[in-house]
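Okay, structure first, notes after.
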Amino acid sequence: MNETPQCQIGSVTVGAGQLVLIAGPCLAESLDMCLVVAERLAETCRKLDIGYVFKSSYDKANRTAGASPRGPGLEKGLDWLAAVREKIGSPIISDVHDVGQAAPAGEVLDCLQIPAFLCRQTDLLLAAGQTGRAVNIKKGQFMAPANMRFAVDKVRSTGNDNVMLTERGTTFGYDLLVNDMRAIPIMHDFAPVVFDATHSIQQPGSGSITGGQRQFVPTLAAAAVAAGADALFIETHPDPDTAASDAASQWPLDEMETLLKRCLAIFRAIRNNSD
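Encoded structure:
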């Protein structure tokens, strides 16, 4: 396994030999829900010795339909995320969608996430890097993994080396994503790699609401860990079918521990065999 840089997100280090989970509800539907999910996941990760970072979006700016819920917005959403970190103790991450969001988000978040559709937007990458916070760049569904080096270089040109990449599937036809697990070792050459197990099973062309094949989340998560992923990104919800966003792809909160135990066993076996 190639030596890769590390990415520090608050108290959690991605790429240091400990499995890391980035997880939470896709959309910050309420502060109470965020706290419930974060508390459950933080407790599970402490028990399993997994690093944990809470994720939820204050604004879903790329919804399929204009009438779909977008979330509490920047100001209230950042307040909710800050409350999660204060009460649960977990670092926090959320998406930034334009240059104007980077500075205020950087005042609150431990890590700024660049959405996949925006991974080539130079000004956004530079603005995120200039906050000094960790930056997670999601690989575009249209991008070759080797070309994500240039997105990493843009962030690092600001003097910020605290950057990582997330694999989240590649467009295959109009309504299907596929995962080429070679992307993980390819991108490992220049950054720690996260695998997004829930967006990878989406069916984005399935009408006004994005579809998904939730049953394949465990398969892809296990395969990604076996391929060398440093962290898993999993959107999870107490009742996924009623979620305000990505209802077809979020993983049930009650099933997270079972999924993590399986992936952790693979993670440890792979690393023990590579030593």
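For the sequence shown, the working numbering assigns the number 769 to the initial residue and increments by one for each residue that follows.
Glycine residues also receive a C-beta, built at the ideal position from the N, C-alpha and C atoms.
For residue i, three-class secondary structure by DSSP
{"i": "A1012", "result": "coil"}
{"i": "I790", "result": "strand"}
{"i": "M911", "result": "coil"}
{"i": "G874", "result": "helix"}
{"i": "N830", "result": "coil"}
{"i": "V946", "result": "strand"}
{"i": "D847", "result": "helix"}
{"i": "V864", "result": "coil"}
{"i": "Q869", "result": "helix"}
{"i": "I882", "result": "strand"}
{"i": "I969", "result": "helix"}
{"i": "T1026", "result": "helix"}
{"i": "G819", "result": "strand"}
{"i": "E797", "result": "coil"}
{"i": "T926", "result": "coil"}
{"i": "D921", "result": "helix"}
{"i": "I1034", "result": "helix"}
{"i": "F940", "result": "coil"}
{"i": "G1020", "result": "According to the sequence displayed, residue 1020 carries Pro and not Gly. Of the three classes helix, strand and coil, the one that applies to P1020 here is strand, per DSSP."}
{"i": "N1041", "result": "helix"}
Residue of the options minimising C-alpha distance to residue i
{"i": "G792", "options": "L809, T781, A784", "result": "L809"}
{"i": "A1037", "options": "T1010, G996, D1014, A902", "result": "G996"}
{"i": "L846", "options": "A992, I861, I1034", "result": "I861"}
{"i": "V903", "options": "A912, K1029, D921, F984", "result": "D921"}
{"i": "K828", "options": "G841, S779, D817", "result": "G841"}
{"i": "D998", "options": "R982, T890, P960", "result": "P960"}
{"i": "N928", "options": "L849, L1000, A895", "result": "A895"}
{"i": "A965", "options": "I954, D943, A991, F958", "result": "A991"}
{"i": "A912", "options": "I790, R936, Y826", "result": "R936"}
{"i": "L1000", "options": "L988, T1010, Y942", "result": "L988"}
{"i": "E797", "options": "E807, L945, L849, D943", "result": "L849"}
{"i": "E744", "options": "S1017, A919, T978", "result": "Since the first residue shown for the chain is 769 and the last is 1043, residue 744 is missing from the structure and cannot be characterised."}
{"i": "V946", "options": "Q971, R838, L886", "result": "Q971"}
{"i": "V821", "options": "C775, E843, Q889", "result": "C775"}
{"i": "V852", "options": "F918, V805, M1024, T1010", "result": "V805"}
{"i": "I882", "options": "F910, T1026, A870", "result": "A870"}
{"i": "I977", "options": "S1013, N930, E875", "result": "S1013"}
{"i": "P1048", "options": "Q898, G839, C794, E843", "result": "Past the boundaries of the shown model lies residue 1048; the chain is included only from 769 to 1043, so the question cannot be answered."}
{"i": "L1027", "options": "T781, V931, N1040, Q983", "result": "Q983"}
{"i": "I954", "options": "D943, N915, F940, L816", "result": "N915"}
{"i": "V780", "options": "S858, K823, G839, S825", "result": "S858"}
Opposing strand residues paired with residue i [DSSP bridges]
{"i": "C775", "result": "V782"}
{"i": "V931", "result": "V903"}
{"i": "G979", "result": "Q971"}
{"i": "L893", "result": "BP columns for L893 are empty, so no partner."}
{"i": "V962", "result": "T934, A999"}
Expected contact under 8 Å - CB spacing of residue i and residue j to nearest Å
{"i": "V985", "j": "I969", "result": "6 Å"}
{"i": "L906", "j": "A951", "result": "Per the sequence presented here, residue 906 reads as Lys, with Leu not at that position. About 12 Å separates the two Cβ atoms, so there is no contact after all."}
{"i": "A1015", "j": "D1022", "result": "Their Cβ separation, rounded to whole angstroms, is 16 Å, which puts A1015 and D1022 out of contact at 8 Å."}
{"i": "T938", "j": "Q909", "result": "6 Å"}
{"i": "V867", "j": "L886", "result": "The pair is not a contact, with the Cβ atoms about 11 Å apart (cut-off 8 Å)."}
Any chain C beta carbon closer than 7 Å to residue i
{"i": "P773", "result": "Given the protein chain composition of this structure (a single chain), no chain C is represented."}
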